[in-house]
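Notes follow once the structure below has been shown.
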Amino acid sequence: MQPNRRRAPLPASRRPSRRGAALVLTTAVLATASLTACGGGSAAGSRTGSDVLNVGLTTPPTNLNPAANGSGQQTLFLSLANEPLTYLKADGTIGPGLATSWKYVGTGNKRFELTLRTGAKFSDGSPVDAQAVKGWLEYFFFKSGSPFAANIAAKTIEAQGTSKVVLHLSEPNPVLPYLLSQVYNIGDVASPAGVANPKSLATQTRGAGPYMIDPSQTVTNDHYTYVPNPHYYDRSRIHYKKIVIKVISQPSTMLAAIRSGQIDVAPGDVTTAKQAKSAGLQIVSKKSGWDGLIFLDRKGALAKPLGDVRVRRALNHAVDRKTLVKGLLGEYATPTSQPPTLDGTDPALDEHYAYDPAKAKALLAEAGYAEGFTLPVTSMGFAQMLGDPVVQAIGKYLAAVGVTLKITSGGTQAQYGTQLFSKKYAATGFVQQPVLPMYMFYVFYLAPKNGLNQHGWSDPKLNGLWSQGAVAADTAETAKAMSRRGVEDAYNLPVAAIDSIWYVNKGVTGVDFSAGTGFPYPAEWRPAR
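What the sequence shown shows, in mature numbering (1 follows the signal peptide of the UniProt record, and there is no 0), is residues -37 to -1, 1 to 492, in sequence order.
What follows is the structure, encoded as structure tokens:
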């Protein structure tokens, strides 16, 4: 689902203009695609040392223009042909891309300077210089209509000489190195020829990545073929003569394809991991998100009980996270009481809400709801095991303390999106991947009147912490304080920190990723020798 671009009127004087609730649903679809087991099948093919890489993904990109796409799975199609300005590495650190260094200038996080790599060229042979990067960023922020343009309150872009670019912001932003990475497409610079003719970017890649699309071997929505970029600055990073990404929507077909060796890498799922392992596939998994309920109505406008913190705490105490996670998600998730963030996660908060139905009932009675109540809830029906089954399990625990979840499942992203923004639901089942910086978690989920904070709820203390972090040189202190505030006041009901799972044939190595990407990027993979 594309992010909602509605402006979020945020607190204090530093209000991130044009921001809305960006839903991380494209990533959820990829990570939760259930690869249902198919009968029979041969052992996993290895094709050791092959110079052709075949990748299976479940959903095609909108098109090949970085500015036209969302996050998650779509970024894998883009990353081969578009070197970002910064690169979020598998170890979680941010390294160089087209920019070799960067820094905030002065105080307040409103001026950001990038120094560009020398010698880099786009696939059309034109140089990656300050004017080219300036032109791309101006197109992305001011002309493209990209949903992610709102994540950076860009005012002007300045080119200094041939190798320096300066972003001037109207609002502070402490996470620009992250936002200019491959995660949100903003830093996926296309050549001046592409910017001059944006329509051409839909079918032709004009980036500076290690590969470029081969239109003659590409069929939109079916398969996408990439060949080496002859102008790429580091030939040692080109490991394949050809990379083919095949769109395979049916889970059983995907699993059969990787088991037979027709594809080398594909997203996995908790329901098929055991079978994949027995077939000889490598399983690569890392914590990269969370699953549970988001309270859409913390003010109590639609569902009055949720406006009382005692009720929200009661609901958190009512759920046996350990049993739920073990029964549904197994080894690829861990129980938690806090949504993880890149800079705010506090291990001490993971078990903040012990399973205590007696305490839950006492808190409900204290709040005046001893007889219970009903909550209208929507759910990600398309998210397989992480969707409806998790919400239904939460519902059983809440029913035991007198609270009924009236669940409406959204079977597709479109159906779910319509339900989510209808303002008819007090809570939603939600799968969020990848893990976000706390600054962005607040913008997406907690900012006043944002898309996932739908009824006017606002916490002045939380808003103040966010404003402090927005101008800070180091966000860790305020991020951790925000995490604690969110858990103690039960802003949501998280139940599990979840893994992203990938299946890999033995012929491929280098498949790895961080919590901040949630996905491995094909340009990093190489043949196993």
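By construction, the Cβ of each residue, glycine as well, lies at the ideal position given by its N, Cα and C atoms.
Every value quoted in this text rests on a predicted model; they were computed, and no experiment measured them.
Asked                                                                                                                                                                                              : Found
Do residue 144 and residue 51 come within 9 Å of each other at the CB atom, strictly closer than that value?                                                                                       : yes
CB residue 167 to CB residue 122, shorter than 9 Å?                                                                                                                                                : no
My output table needs one value for residue 76: the three-state DSSP class, helix, strand or coil.                                                                                                 : strand
First and last residue of the beta strand (DSSP E) that includes residue 403?                                                                                                                      : It is not in any beta strand (DSSP E) - residue 403 instead sits in the alpha helix (DSSP H) that spans 401 to 404.
Look up residue 47 in the DSSP assignment and say whether it is helix, strand or coil.                                                                                                             : coil
Under 8 Å Cβ to Cβ from residue 275, same chain only, skipping five residues before and after it: list those, please.                                                                              : 258, 261, 269, 452, 453, 454, 456
Check for me: the beta strand (DSSP E) holding residue 194 runs from which residue to which?                                                                                                       : Per DSSP, residue 194 belongs to no beta strand (DSSP E) and is neither H nor E.
Please report how far the alpha carbon of residue 341 lies from the alpha carbon of residue 83, in whole angstroms.                                                                                : 48 Å
With 16 other CB atoms within 10 Å as the buried threshold, where does residue 179 fall?                                                                                                           : exposed
Tell me the rounded alpha-carbon separation between residue -16 and residue 385.                                                                                                                   : With a pLDDT of 40 at residue -16, under the threshold of 50, the predicted position of this residue should be treated as unreliable, and no value is reported.
For residue 122, write down the residues that DSSP places opposite it in a beta bridge.                                                                                                            : 128
Compare the beta carbon distance of residue 186 and residue 207 with 9 Å and say whether it is the shorter of the two.                                                                             : yes
Please report how far the alpha carbon of residue 72 lies from the alpha carbon of residue 99, in whole angstroms.                                                                                 : 22 Å
For the beta strand (DSSP E) that residue 254 lies in, which residues bound it at each end?                                                                                                        : 245 to 258
Taking one C-beta from the segment 375 to 394 and one from the segment 221 to 235 each time, how about it: are there three or more such pairs within less than 8 Å?                                : no
Can you give the Cα-Cα distance for residue 310 and residue 204, rounded to whole angstroms?                                                                                                       : 44 Å
With distances taken between CB atoms, is the gap from residue 24 to residue 37 smaller than 9 Å?                                                                                                  : yes
Could you compute how far the alpha carbon of residue 459 sits from the alpha carbon of residue 249?                                                                                               : 13 Å
In the structure shown, what three-state DSSP assignment does residue 261 receive?                                                                                                                 : coil
What residues match up with residue 342 in a beta bridge as DSSP calls it?                                                                                                                         : 372
Output the distance between the C-alpha atoms of residue 85 and residue 45, rounded to the nearest integer angstrom.                                                                               : 9 Å
By a C-beta neighbour count over all protein chains shown, 10 Å radius and 16 as the cutoff for buried, is residue 134 buried or exposed?                                                          : buried
Can you give, in chain order, each stretch of the alpha helix (DSSP H) that sits fully within the segment 451 to 482 and has at least 4 residues?                                                  : none
Rounded to the nearest angstrom, what separates residue 282 and residue 463 at their Cα positions?                                                                                                 : 23 Å
Between which two residues does the alpha helix (DSSP H) holding residue 290 run?                                                                                                                  : 284 to 291
Would you please state the rounded distance, in angstroms, between the beta carbons of residue 470 and residue 487? I believe it to be under 8 Å.                                                  : Not quite, the Cβ-Cβ distance comes to about 15 Å (not below 8 Å), so this is no contact.
Return the Cβ separation of residue 475 and residue 53 in integer angstroms, given the expectation that the two are a contact with Cβ distance under 8 Å.                                          : 4 Å
Note down, in chain order, each residue of its chain lying with its Cβ closer than 7 Å to the Cβ of residue 125, except the 5 sequence neighbours on either side.                                  : 92, 93
For residue 106 versus residue 120, is the C-beta spacing smaller than 9 Å?                                                                                                                        : no
Please go through the same chain and pick out, in chain order, the residues whose beta-carbon is closer than 8 Å to the beta-carbon of residue 162, but skip the five residues on each side of it. : none
Let me make sure I understand the geometry here. Which of 218, 355, 172 has the alpha-carbon closest to that of residue 20?                                                                        : 218
Taking the alpha-carbon of residue 490 as reference, which of 397, 169, 201, 302 has the nearest alpha-carbon?                                                                                     : 201
Of all the options 383, 351, 326, which has the alpha carbon lying nearest to the alpha carbon of residue 364?                                                                                     : 326
Just the C-alpha distance for residue 255 and residue 358, rounded to the nearest angstrom, thanks.                                                                                                : 11 Å
Compute the beta-carbon to beta-carbon distance between residue 137 and residue 432, rounded to the nearest angstrom, for a pair I have assumed lies under 8 Å.                                    : 6 Å
Could you give the C-beta distance for residue 75 and residue 130, rounded to a whole number, given that I count them as a contact under 8 Å?                                                      : 4 Å
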